[in-house]
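Residue 2 is where the sequence shown starts when you use the numbering used here, and the numbers rise one by one after that.
Data block below; observations after.
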Amino acid sequence: MTLQADQDARTFDDAGVVVRRRLLSALDRAARRPITLVAAPTGYGKTTLLRQWAQEHPEALSFDGGRARPWEQVVCALREGRPVLVDDAHLAGWGSAFAAACGAAGPSASLVVASRVDPLVALHPDRLAGRVSEIRAEELAFSLGELSRVVARSGRRLDHAQAEAMHLETDGWPAGVRLTAMRSRDGLATDGAYSPSGSYLMAHVVADLDPRVRAFLLATAVPEEFDVALACRLSGRSDAYDVLGEITHSVGFVVRDGATGRLRYHPMLRHLLLSELEREPVARLHALHQIAGRWTFGRDQLEASAGHAVRAHDDDLAADVAVALACRSLGDDDWSALDALTSAVPAVFARDDERGRLLLTLRAARNDDSVGAAAALARTARRTSLDIPTHERVGTLTALCRGWLALGEGQGAAAQEWIAAADPAVDLGAGSPTAGLRSAWVRVYGALLVTDGRLDEVDAVRRYASRLARHAPCAGATAAEMTMWAAFAAGRPADAHKAAGEVERLSDGSPPRSVSLVRAWLDVERGSPAGVDPPQGQADQLPGMLPSPLLDLLAEHFRHRAVQPPRPAHEVVAECQRATTWLVARHTLLGAVTALLSAGATTTAVDAVQRVGTAHPRLDTSPYLLWIALTDALRTGVREQLGPLLEQVDCAHDVPEDLRVRTLLAAAALAHRGDDATAASARLRPALESTAVHGWRRPWLALGPSAFDLLTAEHGRVGAHGDLVTRLLVELRKDREITDELVVALSTRELEILQYLPTSLDQGELCATLFISRNTLKTHLRAIYRKLGVESRREAVLKAQRVGLL
């Protein structure tokens, strides 16, 4: 037989064709086996690959599967020891002639077969014998780099984001990439059968299909992905499994997800099918979208379900999806999907059922409108959702909202009941509505524990929130905020400062209002300049733990504490009476006692403590009463109570740190006044340790002149906190009125050096103590002498004592 190979291959002068070296290398490797199958749907570049490979292997013969009796000629060529390429092999069939060709192939005379259809049965013996290499559509698809090169050949440059978007649209399908580039360049139609890619698919894939298969494709193209059961429901056919197998085998453009087993059509084929589906009756379209919407909703594919609900004009489905999206948004703080759905279907807010009431409540809560949220919850609603998970979500989230509002009103017992009733079932998954519900429950329950003073229970809930953050990112921020509020409640500024930084880090630059409020407290306790004004009424960009009414009470309190001079006693007492929770009561009482003791109103302070203790039984008032007693004894000079009071100070346990340091300072000052230097130092040093950790300044300022006496006495002793004592003396003296005899004020560093001048330390020892060089010390000393108007160290000490600097 005379071989008539197809040697009339055209020269590659198409500017859009690129040489893909990775595919040529892959085909080189595959051709080491006797048989190579290149199988992919139309447009995947099989013909181009074979022609380019043939140019590099001139000994190879090429045949077209559409010619007469091609397999007989292939057998002859293989027996001559030449490689053979067969394009469109599916047109030649897979009978006994094909089997003979496969038998004639060997390592030195390989057979390369390109086909749109996989010869499943015909190649089984050779597959089992390990004689077959395969190149599939996944390898033939363009990579991002290849896509960019092809599009550049058409005169358009793509950046990385544009290339990724086109790759997602085309799935790397070579024909789709070229046709999309042509469409963009020439301004052709982008939709339906009249677009370049649509007309190509219509001509090469859809047009020749059996009408029943075509109808099946149209119906099952509605969801982005589906399984066999959904395909049966959409198409109304019980043999959907067989039809899908036929489509996968003969048409292609069907991808199976290996993890889930679900199927999807190629994006461009699905786009064409959806365009063709628009020609169907509206009622059929709505029915298909309803089926797909319920299926995707049951699998927590909420964005897809929302899209189907909108296209089906199904308000009931939209309401169910909106509730699920709201639950999920509470876990990841991404409300965009819910906002898009409610914007497209605003009727979900107008429903007179439990879902509409809940969505109105959440909308008001997001706008920081507690009054609106309470009004929405007060509406009478009926149960209409037939979906059991939705009904459970609505019940759980409604109870959480009621508990949240009760907490804001200071109704701790009612909040406890609602929160206990709202504990959702554990059914976690990353981004799931249940994970969002758990995150919301942790946030509200954590707020209850902190505001109710149950700090010993906070740590367990915080650890759970940290674990939950794997599924609901907001839970991580909640855990950090819980730590911050626990430190705030325990009066520990250093811990609160660290936790506030963590909250800010997790908030991506948009921290909740609570961080500003805690920082205002830090400024007050650390003696920052007056005028601290924590923001009020700003909506949290991230969900905050505490309700806004509680934040408003605390913000008002710290604004008042930052104001000088202090308010009248009746206003201070009235603020204590407005405290609605343990947390607010503890901080307002501390501020009230500070103000009343400064005004000398000891009796009023005791009365305020007793009133607050009656209103909030969980609040331990004994440390406040001890502090008042110490301060009163210090003011009146009564020494008979010194021993019993100091004994009470030593026996006090589990006292908030901000209250403990004030009690220690008052006890140390009272002991110093009683000429008991040892007892004074024993109480002062724990206060100095706490100051070194937390940076206290306000307790020292509130102690008044007694703080100078304590620190001056301690300055003469050798201790671990000598530098801190010096800094405190310097800072406290800066707050005192200095006589006009000093024309130019000393700097902080100069004041610090001045404290050491009365000592016996020489200049070398001063440099070692202050960690500065001798030249730096001399520069500061010259500045001190100049500002004091003196010429020697002794004169500087005398002048400093005369003007109140020493």
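Every residue gets a Cβ at the ideal spot worked out from N, C-alpha and C, and that includes glycine.
Using a 10 angstroms sphere on the CB of Lys779, the tally of other CB atoms stays under 16, which defines it as exposed. In the same chain as His617, and ignoring 5 residues on each side of it, the C-beta atoms closer than 7 Å to its own belong to Trp583, Ala586, in chain order.
The Cβ atoms of Pro494 and Glu526 sit closer than 7 Å to each other. Counting along the chain, Leu38 sits inside the beta strand (DSSP E) bounded by residues 36-40.
For Tyr45, the number of other beta carbons within 10 angstroms of its own is at least 16, and it is reported as buried. Between Ala600 and the set Ala570, Ala466, Asp621, Ala683, the nearest pair of CA atoms involves Ala570. Its Cα nearest to that of Leu342, the residue Leu318 stands out among Gly131, Pro197, Leu318. Taking C-beta separations shorter than 8 Å and ignoring five residues to either side along the sequence, the partners of Leu554 in its chain run Arg579, Ala580, Thr581, Val585, Thr589, following chain order. The beta-carbon separation of Glu753 and Arg728, rounded to 7 Å, stays under the 8 Å limit for a contact. Measuring C-alpha to C-alpha distances from Phe559 to each of Ser515, Leu598, Val87 identifies Ser515 as the nearest. Rounded to whole angstroms, His91 and Gly66 show a C-alpha spacing of 7 Å. Put simply, of Asp340, Ser276, Leu378 the residue whose alpha carbon is nearest the alpha carbon of Asp354 is Leu378. In the three-state reduction of the DSSP assignment, Asp763 falls in the coil class, being assigned neither a helical nor a strand state. Below 8 Å, enough C-beta pairs join the stretch 267-278 and the stretch 171-186 to call them touching: three or more.
Contact annotation, Leu666 with Leu643: C-beta distance approximately 15 Å; criterion of less than 8 Å not satisfied. Annotation: Glu135 is outside any alpha helix (DSSP H); the continuous beta strand (DSSP E) that includes it extends over 133-136. In the displayed model, Val151 falls within a helix according to three-state DSSP. Under the DSSP assignment, Ala115 falls in the beta strand (DSSP E) whose first and last residues are 112-116. Per DSSP, the beta bridge partners of Phe227 are Leu264. In the DSSP assignment, Val255 falls within the beta strand (DSSP E) that extends over 255-257. DSSP, read as helix, strand or coil, puts Arg383 in strand. Considering only Arg661, Gln412, Arg698, the residue with the shortest C-alpha distance to Asp524 is Arg698. In the assembly as shown, Leu387 is an exposed residue. Its beta-carbon has fewer than 16 other beta-carbons within 10 Å. A check of alpha carbon separations from Leu359 across Thr399, Val151, Val214 identifies Thr399 as the nearest.
Leaving aside the five residues that flank Leu289 on each side, the residues in its chain whose CB is nearer than 7 Å to its CB run, in chain order, Ala220, Val223, Leu235. Closest option to Gly253, judged by alpha-carbon separation, among Ala40, Pro624, Gly373: Ala40. DSSP places Ser748 in the coil class of the three-state scheme, outside both helix and strand. Boundaries of the beta strand (DSSP E) harbouring Asp88: 85-88, taken from the DSSP string. Counting of Cβ neighbours within 10 angstroms places Arg787 among the exposed residues, the total staying below 16. Rounded to the nearest angstrom, the gap between the Cα atoms of Val76 and Leu86 is 12 Å. The count of Cβ pairs closer than 8 Å, one atom from the stretch 363-378 and one from the stretch 466-479, stays below three, leaving the stretches out of contact.
At the C-beta level, Thr484 and Ala500 come within 7 Å of one another. Excluding the 5 residues flanking it on each side, Leu50 has same chain C-beta neighbours closer than 6 Å at Leu24, in chain order. In terms of Cβ geometry, Ala164 and Ser144 do not form a close pair [threshold 7 Å].
Bridge pairing for Asp65: Asp88 [DSSP].
Taking every protein chain shown into account, the CB of Tyr625 has 16 or more other CB atoms within 10 angstroms, so this residue is buried.
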